[in-house]
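As structure tokens, the structure follows; a few thoughts come after it.
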Amino acid sequence: MKKFSISQIVSCHICPVRYYLELSEKNREEPENYTIAKQISYHLGDDTQYGTKQEDEIWAEIKTVNPDIDEALYETYRTWSQACRGNTWRKASENDVKVSSKTYNLHGVIDRWFDSSPHIALIRMTPAPDTGVYNADRVRAALFSICARESLHTDADEIIIEYIPSGVRRICKVSPRDRREVLAALKKAEKIAAGTVPRPRKTDRGNTCYLKERCIDAPKKLSDIIG
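Residues in the sequence shown are numbered from 1 upward in steps of one, following my numbering.
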């Protein structure tokens, strides 16, 4: 049976066609904005009043991770870094903790783990919504909650979503509805993996999708996409 990454199921929840098309992108490059957000996250909980020297050190780390990163993104990095400096953050007990679920054939990596509740923090490279968290992030949190319960034997019904560009964090309390949406997305992903071709949906969200130029207008064989 096919194993799914948590990010794949979130993609399928957002749009089954997006998940379908991403199956062909086996060697996708890490987005530069993600590299920036991820490296900043390793320093959350350090001295929040760090100055120019530490900012430069973190930027040097980012360039080590991605030597080809666009130098113009330094200003983006500084803006995000300064936004995070304006908040108080918990220092992670561990970073990049692997979790999985044999029940649902899932796997993922927790960005920041804490010994005390809430145990899990997930970083995002998007600005925070005006209130709460995005629906896709609720589904993401529910997936990690399921995996943490099974592989770490930890109840994680409250998960922190850290919106790095905004320098804010929000608590997501996983609800039964969130878990139902997880199950629905899993079923869709399983059908697509078995050969079903999803139909594109006419929504405004499609206008901003990075795959809109490849969005299918008519059914194709899965082998045409991934082969």
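C-beta atoms are modelled at their ideal positions from N, C-alpha and C, and glycine is treated no differently.
Given the structure is predicted, the values throughout are model-derived calculations rather than measurements.
I'd like the ranges of any alpha helix (DSSP H) spanning at least 4 consecutive residues and lying wholly in the segment 175-202. Taking only runs of at least 4 residues, the alpha helix (DSSP H) segments lying wholly in the segment 175-202 are 176-193.
Relative to the C-alpha of E158, which candidate in W80, P165, V139, T64 has its C-alpha closest? Just measuring C-alpha positions, the residue of W80, P165, V139, T64 sitting nearest E158 is V139.
Since Y19 contacts M125 with CB under 8 Å, what's their CB separation in whole angstroms? With a contact defined as Cβ atoms closer than 8 Å, Y19 and M125 miss out at about 19 Å.
Within a Cβ cutoff of 7 Å, which residues of the same chain sit near Y77, ignoring the five residues on either side of it in sequence? In chain order, I36, W59, I62 place their CB closer than 7 Å to the CB of Y77, counting only its own chain and leaving out the 5 sequence neighbours on each side.
Looking only at C-alpha atoms, which of K91, G132, S7, L106 sits nearest to I161? Here the closest residue by C-alpha is G132.
Taking buried to mean at least 16 other C-beta atoms within 10 Å of its own C-beta, is E181 buried or exposed? By the beta-carbon neighbour count (other beta carbons within 10 angstroms, threshold 16), E181 is buried.
Three-state secondary structure assigned by DSSP to E55: In the three-state scheme derived from DSSP, where H, G and I count as helix and E and B as strand, E55 is classed as helix.
DSSP beta-bridge partners for I123? E162, per the DSSP bridge assignment.
With DSSP as the reference, label W113 as helix, strand or coil. Correct three-state label for W113: strand.
First and last residue of the alpha helix (DSSP H) that includes N135? The continuous alpha helix (DSSP H) containing N135 extends over residues 135-151.
Comparing the C-beta of D56 with each C-beta of chain B, is any distance below 8 Å? Of the protein chains in this structure there is only one, and it is not chain B.
Alpha carbon to alpha carbon, how far is K98 from I192? K98 and I192 have their C-alpha atoms roughly 25 Å apart.
What residue range is occupied by the uninterrupted beta strand (DSSP E) comprising E94? Segment 94-101, the beta strand (DSSP E) holding E94.
Under 6 Å Cβ to Cβ from L44, same chain only, skipping five residues before and after it: list those, please. Residues of the same chain with a CB within less than 6 Å of the CB of L44, apart from the 5 flanking positions on each side, are W89 in chain order.
I164 versus G108: straight-line alpha-carbon distance, rounded: Going by the C-alpha atoms only, they are around 20 Å apart.
Assuming the contact rule is C-beta atoms closer than 8 Å, D111 and N135 should be a hit. Round their C-beta distance to whole Å, please. So it is not a contact: roughly 20 Å between Cβ atoms.
Looking only at its own chain, which residues have a Cβ that is under 7 Å from the Cβ of G86, when we skip the five neighbours before and after it? So the qualifying residues of the chain are G167.
With a 10 Å radius around its C-beta and 16 neighbouring C-beta atoms as the bar for buried, classify S100 as buried or exposed. The residue in question, S100, is buried, as its Cβ has 16 or more Cβ neighbours within 10 Å.
So, with DSSP's three-state summary, where would you put R90? Here R90 sits in coil by DSSP.
If A148 sits next to A156, beta carbons under 8 Å apart, how far is it from one beta carbon to the other, in whole angstroms? With 8 Å as the limit, A148 and A156 qualify as a contact, their Cβ atoms being about 4 Å apart.
Can the beta-carbon of L183 be found less than 8 Å from the beta-carbon of I6? Cβ distance not < 8 Å, so L183 and I6 don't count as in contact.
CB contact flag (D137, C84, <8 Å): Against a cut-off of 8 Å, the Cβ pair of C84 and D137 comes out as no contact.
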